[in-house]
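For the record, in the sequence shown the residue sitting at position 47 is 146 according to our numbering, with numbers rising by one throughout. Every residue gets a Cβ at the ideal spot worked out from N, C-alpha and C, and that includes glycine. What follows is a single structure, written as structure tokens, with notes after it.
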Amino acid sequence: MPILGIGVDILHLPRLISLLSRRGSEAFATRILSSQELRTFQLLAEQHGEDDTKRIARFLGVRWAVKEAAYKALYPIRPTWKEVTYLSFNGTTGIKPTLVYRPVRNDVGPANKLHVSVSHDGDYVYAQVIAEST
């Protein structure tokens, strides 16, 4: 399959933590997360509370970086935040991280297979997405 594009993004978590402290994590999550991701976020917030700022910021930061990288890889297709869903590594099943693009419109071009890799260490989150044309 031919490669449609490659996208990368790096996020400095303290910048996101600052944004979340001003605007609130729930508002930010509602703006950028797909419905599936939002449910996972709400469970995380219930389990760990808003006080676990680093965990909340890392969850949102990973998804932000992944979606930014996907946006770059899919260009000239312009997905919205909510059309892209990131599913992280599942330790129970061994399923690797997955990125799903579900366009709302039918006129966005060919369906694409997306490959995603994410790394986070300390204050940084790095994401890379490769989009294949089908």
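Residue i classed as buried or exposed, judged by whether at least 16 other C-beta atoms fall within 10 angstroms
i           : result
residue 229 : buried
residue 124 : buried
residue 227 : buried
residue 119 : buried
residue 142 : exposed
residue 116 : buried
residue 188 : exposed
residue 166 : buried
residue 174 : exposed
residue 178 : buried
residue 155 : buried
Reference residue i; option with closest CA among the options
i           : options               : result
residue 203 : 181, 145, 195 and 172 : 181
residue 114 : 153, 168 and 200      : 153
residue 176 : 130, 232, 214 and 194 : 232
residue 107 : 100, 168 and 192      : 168
residue 225 : 198, 160, 135 and 139 : 160
Cβ-Cβ distance between residue i and residue j below 8 Å
i           : j           : result
residue 112 : residue 162 : no
residue 171 : residue 221 : no
residue 184 : residue 216 : no
residue 164 : residue 110 : yes
residue 128 : residue 137 : yes
Start-to-end residues for the alpha helix (DSSP H) that takes in residue i
i           : result
residue 117 : 112 to 122
The beta strand (DSSP E) enclosing residue i, as first and last residue numbers
i           : result
residue 232 : 223 to 232
Legend entry - Runs of alpha helix (DSSP H) wholly within the stretch 136 to 218 (minimum 4 residues, chain order): Counting whole runs of 4 or more residues, the stretch 136 to 218 contains the alpha helix (DSSP H) stretches 152 to 173.
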